[in-house]
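Enquirer: One structure coming up, written as structure tokens, with questions to follow.
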Amino acid sequence: MFEHLADETTIIVTGAHRSGTTIAAEMIAADTGKPCIREEAFEHRDIIAAEG
2 MFEHLADETT IIVTGAHRSG TTIAAEMIAA DTGKPCIREE AFEHRDIIAA EG
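In this text, residue positions in the sequence shown follow my numbering: the first is 2, and each later residue adds one.
Right, here's the structure in full:
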């Protein structure tokens with residue numbers, strides 16, 4: 002479903018609290034082969050560092 006996003010360098014999924022963004026991010030990661038970095042892994046200012 003999200004294979005067309007595979008060429009993107011960074012994909013950021015945003016949304017309101019409890020709106021399904023976590024499952025959406027996990028589905029995108031599964032379809033594109035990219036890692037899913039959960040918000041708990043970094044502070045908002047560390048997004049580029051988290052991509053490593």
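Backbone N, C-alpha and C define an ideal beta-carbon position, used for all residues, glycine too.
Since we're looking at a predicted model, the values are computed, not measured.
#1: Report the option in 17, 40, 42, 35 whose CA atom is closest to the CA atom of residue 5.
#2: In whole angstroms, what separates the C-alpha of residue 30 from that of residue 41?
#3: Taking 7 angstroms as the limit between beta carbons, can you name the residues of its chain near residue 3, skipping five residues before and five after?
#4: Please report the residue range of the alpha helix (DSSP H) in which residue 2 lies.
Expert: Quick look at the numbers:
#1: Working through the sequence shown from its first residue, we reach residue 5 at position 4. With respect to the C-alpha of residue 5, the residue from 17, 40, 42, 35 having the closest C-alpha is 35.
#2: For the purposes of this step, residue 30 is taken as residue 29 along the sequence shown, with counting starting at 1. For the purposes of this step, residue 41 is taken as residue 40 along the sequence shown, with counting starting at 1. Near 17 angstroms, if we compare the C-alpha coordinates of residue 41 and residue 30.
#3: In the sequence shown, counting from the first residue as 1, residue 3 sits at position 2. Answer for residue 3: 28, 29, 32, 33, listed in chain order.
#4: Looking up residue 2 in the sequence shown gives position 1. Per DSSP, residue 2 belongs to no alpha helix (DSSP H) and is neither H nor E.
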